[in-house]
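Residue numbers (the numbering used here): 179 to 562.
These notes concern the structure reproduced below.
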């Protein structure tokens, strides 16, 4: 189809459409097109008013509880947790739709928005200075979208709760898995080292007895020397007996100290086993990380109270457990604090209105063009 400057009285399929035809068409039809556009805009606005979604925004103040890497990790792992909760039918019934939405990693990219201390413009201006520091997260905006304002606000709050509770749950899952692995490998390893040390200690004690017998048989050879020697060295047998006794006694002392350390570690693994026997049922009972963390802190306090001896080594496990559990609580419960204000606004008015206007305008244009072409076809047929 080409546009020529010659006038043509009709728009039949075998004739060219002139520029004048287009001008005449617009002059005749502009009122209908404008009216259709206005009606479409009104319909689009009405659709937004009745069908548009509210977007709630809940800021979480970041008290150094969330780093960029932690946030990226949660965006990848929380969807898997949501899937597991839905599959095991553990999601609250009034939040089932939200949990299904949270099962998608793409949903999380829109649901949480980090606000950094430095903008892209600031980073560009600072340039190399940024390499010396870090652009920390000031706060995180949690978004909730729903057709109801109250539902959007509640979804934002439920998502905020899931971020903190799910974050602690995943941290506890990693910690307990590491402890199970440590227990399984540690028990066999410690037992093997203790047996090897006992065998070596028996040999060294036998060596000591023989050297003491030699010292009594050859008292004149029991001269002290200052030379340091390894009693297992091939030339050690030619050194004074007293020197060999001192070196062997040192080895015996070292093995005894090693055995003491190994037995202390064995005792700690026993404490770890008792901890896991109590902690595993608590962890498997629910997916509420905040609640689980509190119950595990109570279990740690009970284990601490059961320790009767006044020995710092006996508290090594409970101290490490308390530090880890309090770190979880600090990061997710007190590190992410909900702000007092939450806003909810209906979004997409321009999108709905513009869409309705464009759709109605285009539809009316097609109708008018169709009428014109059909009329030309009929008039052409009548002439023939």
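Ideal Cβ positions, reconstructed from N, Cα and C, are used throughout, including at glycine.
It should be emphasised that the depicted structure is a prediction, and the values quoted were computed from it without experimental measurement.
As a quick exercise: from 418, 325 and 233, pick the residue whose alpha carbon is nearest that of residue 288. 233
Which of the three DSSP states is assigned to residue 283 in this structure? helix
Given that a residue counts as buried once 16 or more other Cβ atoms are within 10 Å of its Cβ, and exposed if not, what is residue 455? exposed
Return yes when the Cβ of residue 538 is within less than 9 Å of the Cβ of residue 322, no when it is not. no
Mind the definition here: the stretch 426–439 touches the stretch 355–363 only if three or more C-beta pairs lie below 8 Å; say whether that holds. no
Segment limits, alpha helix (DSSP H) that includes residue 477: 467–484
List the DSSP bridge partners of residue 240. 514
Within 9 Å, strictly: CB atoms of residue 331 and residue 238: no
Taking residue 364 and residue 447 to be in contact with their CB atoms under 8 Å, please state how far apart those CB atoms are, rounded to whole angstroms. 5 Å
Given a cut-off of 9 Å on the beta-carbon distance, is the pair residue 516 and residue 338 in contact? yes
What three-state label does DSSP hand residue 418 in the structure shown? coil
Can you list, in chain order, the residues of its chain with a C-beta nearer than 6 Å to that of residue 500? Leave out the 5 residues immediately preceding and following it. 478
To the nearest angstrom, how far is the alpha carbon of residue 253 from that of residue 268? 21 Å
I need the DSSP call for residue 487, collapsed to helix, strand or coil. coil
From which residue to which residue does the beta strand (DSSP E) around residue 292 run? 290–294
Residue 353 to residue 505, Cα distance in whole Å? 12 Å
Residue 462 versus residue 444: straight-line alpha-carbon distance, rounded: 27 Å
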